[in-house]
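*Asks:*
There are 2 protein chains.
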Amino acid sequence: MIFRLNPSSGIPLYLQLIEQVKHAVETGALHEGDQLPTIRKVAVDLVMNPNTVVRAYRELEHEGIVELKHGSGAFIRESAGGRARVMRKAQALMQSALERLAPLGLTEDELRRVFENELAQSRAARQLEGKP
Amino acid sequence: MIFRLNPSSGIPLYLQLIEQVKHAVETGALHEGDQLPTIRKVAVDLVMNPNTVVRAYRELEHEGIVELKHGSGAFIRESAGGRARVMRKAQALMQSALERLAPLGLTEDELRRVFENELAQSRAARQLEGKP
DNA sequence: TGTAGTGTATCACTATACTAGTACACTTCG
DNA sequence: CGAAGTGTACTAGTATAGTGATACACTACA
Chain E
4 MIFRLNPSSG
14 IPLYLQLIEQ
24 VKHAVETGAL
34 HEGDQLPTIR
44 KVAVDLVMNP
54 NTVVRAYREL
64 EHEGIVELKH
74 GSGAFIRESA
84 GGRARVMRKA
94 QALMQSALER
104 LAPLGLTEDE
114 LRRVFENELA
124 QSRAARQLEG
134 KP
Chain S
4 MIFRLNPSSG
14 IPLYLQLIEQ
24 VKHAVETGAL
34 HEGDQLPTIR
44 KVAVDLVMNP
54 NTVVRAYREL
64 EHEGIVELKH
74 GSGAFIRESA
84 GGRARVMRKA
94 QALMQSALER
104 LAPLGLTEDE
114 LRRVFENELA
124 QSRAARQLEG
134 KP
């Protein structure tokens, strides 16, 4: 695992790290049990503060993708493999959805809005299931 | 048009205003040519600074939904009606897409990630069309 | 057992997002 | 033409996000 950051993209460094780890897991570049590069190593290699790397790793831990072991390192969780497969399936479904949406000629921001609306919609629907 | 804000939602006030105007246009509550409430009126009614309302209205203007006329008011653009129809069509497509994705059991954040990935993907594909 | 290597914790700095205060300029219409 | 009502422009304060400096604590292994 080797990171490649774009400092002038406007995207926070820690988010770029998170994104790259997730991508590596989903493409199979990282497998369950694999050790991630050390916090210090990443910080030195990319010339940034260890805390920024920590922030990325802790977020990944919180999402259940990474396990941090005090004193020994950061590792890919065992459950990550299954997740990767599901995500690839989802990616395929989303692609065909966007292909159907493309002819409408919406901007990316409009598409985001439509997506968020629908997400909120189905969230609300899910809430109601257990109520009546 | 009457706004209803939630000050403790964490969502910036100006974004809430934008959202509500867009929603009103898409549902037909606001039609082409309709005048929006005055900047000052909104500011007074909702107990906030006029500048915050301005920010919302100017963003809506930038997106082509609203037209600001110096000295007379803010109005819904003529093009807004067509946009509303397209957005409703898109909403329907997005709904069926999310219904197909639901069985995979992804979290909302994971769905957002899948969506953004695919958006970037199709953006890249579009870039290549004119190149070779 | 001790040392090198690992993650952890606390505090601080800086840029940016958001909101606010206040004065200005244009339009309308009696 | 002038007064009331509208959007505009400029300046500034405050909260939060992002990043950094540095010291601490645990683990593995020779």
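Chain order of the listed sequences is E and S. So for the first sequence, our numbering puts the first residue at 4; every next one is plus one. So for the second sequence, our numbering puts the first residue at 4; every next one is plus one. Quick reminder that beta carbons are idealized off the backbone N, C-alpha and C, glycines included. All values derive from a computational prediction rather than experimental measurement.
Are the beta-carbon atoms of residue 9/E and residue 23/E separated by less than 8 Å?
*Replies:* On the first sequence, position 6 is the one that residue 9/E refers to. On the first sequence, position 20 is the one that residue 23/E refers to. No, these two residues do not count as a Cβ contact at 8 Å.
*Asks:* Would you mind working out which of 57/E, 84/E, 86/E, 85/E sits nearest residue 72/E, comparing C-alpha positions?
*Replies:* The count along the first sequence starts at 1 and reaches residue 72/E at position 69. For the residues 57/E, 84/E, 86/E, 85/E, the minimum Cα distance to residue 72/E belongs to 57/E.
*Asks:* Answer with yes or no whether the minimum CB distance from residue 12/E to chain S is below 8 Å.
*Replies:* Walking along the first sequence from the start, residue 12/E turns up at place 9. No - not a single Cβ of chain S is within 8 Å of the one on residue 12/E.
*Asks:* Give me the chain S residues within the contact set of residue 120/E, using Cβ-Cβ distance strictly less than 7 Å, ordered along the chain.
*Replies:* Numbered from its first residue, the first sequence carries residue 120/E at position 117. At a beta-carbon threshold of 7 Å, the residues of chain S lying near residue 120/E are 94, ordered along the chain.
*Asks:* Can you give me the Cβ contacts of residue 28/S inside the same chain, cut-off strictly under 7 Å, excluding the 5 residues immediately before and after it?
*Replies:* The residue you call residue 28/S lines up with position 25 of the second sequence. Counting only Cβ-Cβ distances below 7 Å, and skipping sequence neighbours, we find 68, 79, 83, 87.
*Asks:* Terminal residues of the continuous beta strand (DSSP E) containing residue 71/S?
*Replies:* Translated into positions along the second sequence, residue 71/S becomes position 68. It spans 69-72 - the beta strand (DSSP E) in which residue 71/S sits, taken as one unbroken run.
*Asks:* Where does residue 6/E fall in DSSP's three states?
*Replies:* By one-based count along the first sequence, residue 6/E stands at place 3. In the structure shown, residue 6/E sits in coil (DSSP, three-state: anything other than H, G, I, E or B).
*Asks:* Inspect the beta-carbon positions of residue 90/S and residue 113/E and report whether they are closer than 8 Å.
*Replies:* Position 87 of the second sequence, counting from 1, holds the residue named residue 90/S. Position 110 of the first sequence, counting from 1, holds the residue named residue 113/E. Their beta carbons are under 8 Å apart, which means residue 90/S touches residue 113/E by this criterion.
*Asks:* Decide if residue 116/E is buried, meaning its Cβ has at least 16 other Cβ atoms within 10 Å, or exposed.
*Replies:* The residue you call residue 116/E lines up with position 113 of the first sequence. Per the 10 Å Cβ criterion, buried.
*Asks:* Enumerate in chain order the residues of its own chain whose CB-to-CB distance from residue 17/S is below 8 Å, with the five nearest sequence positions on each side excluded.
*Replies:* Along the second sequence, one-based indexing puts residue 17/S at 14. Excluding residues within five positions, the ones whose Cβ falls inside 8 Å are 55, 56, 58, 59, 62.
*Asks:* Mind checking whether residue 6/S and residue 47/S have CB atoms under 8 Å apart?
*Replies:* Taking the second sequence and counting its residues from 1, the one referred to as residue 6/S is at position 3. Taking the second sequence and counting its residues from 1, the one referred to as residue 47/S is at position 44. No, the Cβ-Cβ distance between residue 6/S and residue 47/S is not below 8 Å.
*Asks:* Thinking just about the alpha-carbon of each residue, which of 128/S, 129/S, 70/S, 104/S is nearest to the one in residue 34/S?
*Replies:* Stepping through the second sequence from its first residue, residue 34/S is reached at position 31. The residue with the shortest Cα to Cα distance from residue 34/S is 70/S.
*Asks:* Closest Cβ-Cβ distance between residue 103/S and chain E: below 8 Å?
*Replies:* Stepping through the second sequence from its first residue, residue 103/S is reached at position 100. Output row for residue 103/S: interface = yes.
*Asks:* For residue 77/E, decide whether its Cβ has a neighbour in chain S, counting only Cβ atoms nearer than 8 Å.
*Replies:* Walking along the first sequence from the start, residue 77/E turns up at place 74. No, because no Cβ of chain S sits closer than 8 Å to the Cβ of residue 77/E.
*Asks:* Any Cβ of chain E within less than 8 Å of the Cβ of residue 24/S?
*Replies:* Start at 1 with the first residue of the second sequence, and residue 24/S comes out as number 21. Taking Cβ atoms only, chain E never reaches closer than 8 Å to residue 24/S, which makes this a no.
*Asks:* Along chain E, in chain order, which residues have C-beta atoms closer than 9 Å to that of residue 114/S?
*Replies:* Counting from one through the second sequence, the residue named residue 114/S turns up at place 111. Ordered by position in chain E, the residues that pass the 9 Å Cβ test against residue 114/S are 93, 97, 118, 122.
*Asks:* With DSSP collapsed to three states, give me the class of residue 42/E.
*Replies:* For the purposes of this step, residue 42/E is taken as residue 39 along the first sequence, with counting starting at 1. Correct three-state label for residue 42/E: helix.
*Asks:* Looking at chain E, is there any beta carbon in it that lies within less than 8 Å of the beta carbon of residue 125/S?
*Replies:* Position 122 of the second sequence holds residue 125/S. True, the Cβ-Cβ gap to chain E drops below 8 Å.
*Asks:* With DSSP as the reference, please indicate the residues paired to residue 21/E in a beta bridge.
*Replies:* As a working note, residue 21/E is residue 18 in the first sequence. In DSSP, residue 21/E forms no bridge with anything.
*Asks:* Can you grab the Cα-Cα spacing for the pair residue 111/S / residue 32/S, in whole Å?
*Replies:* What you label residue 111/S is simply residue 108 of the second sequence in a count that begins at 1. What you label residue 32/S is simply residue 29 of the second sequence in a count that begins at 1. Whole-angstrom Cα-Cα distance: 29 Å.
*Asks:* What separation, rounded to the nearest whole angstrom, lies between the Cα atoms of residue 124/S and residue 92/S?
*Replies:* The count along the second sequence starts at 1 and reaches residue 124/S at position 121. The count along the second sequence starts at 1 and reaches residue 92/S at position 89. About 23 Å.
*Asks:* Which residue or residues does DSSP assign as beta-bridge partners of residue 78/S?
*Replies:* Locating residue 78/S in the second sequence gives position 75, counting from the first residue. According to DSSP, residue 78/S bridges with 38/S, 70/S.
*Asks:* Which same chain residues, not among the five before or five after residue 3/E, have their C-beta less than 7 Å away from its C-beta?
*Replies:* Residue 3/E cannot be examined here, being either before or after the span of chain E that is shown, 4 to 135.
*Asks:* Would you say residue 63/S reaches chain E, if we count a Cβ-Cβ gap shorter than 8 Å as a contact?
*Replies:* Walking along the second sequence from the start, residue 63/S turns up at place 60. The beta carbon of residue 63/S sits no closer than 8 Å to any beta carbon of chain E.
*Asks:* Would you please state the rounded distance, in angstroms, between the beta carbons of residue 76/E and residue 38/E? I believe it to be under 8 Å.
*Replies:* In the first sequence, the residue the question calls residue 76/E occupies position 73. In the first sequence, the residue the question calls residue 38/E occupies position 35. Right, the Cβ-Cβ distance comes to about 5 Å (below 8 Å), so this counts as a contact.
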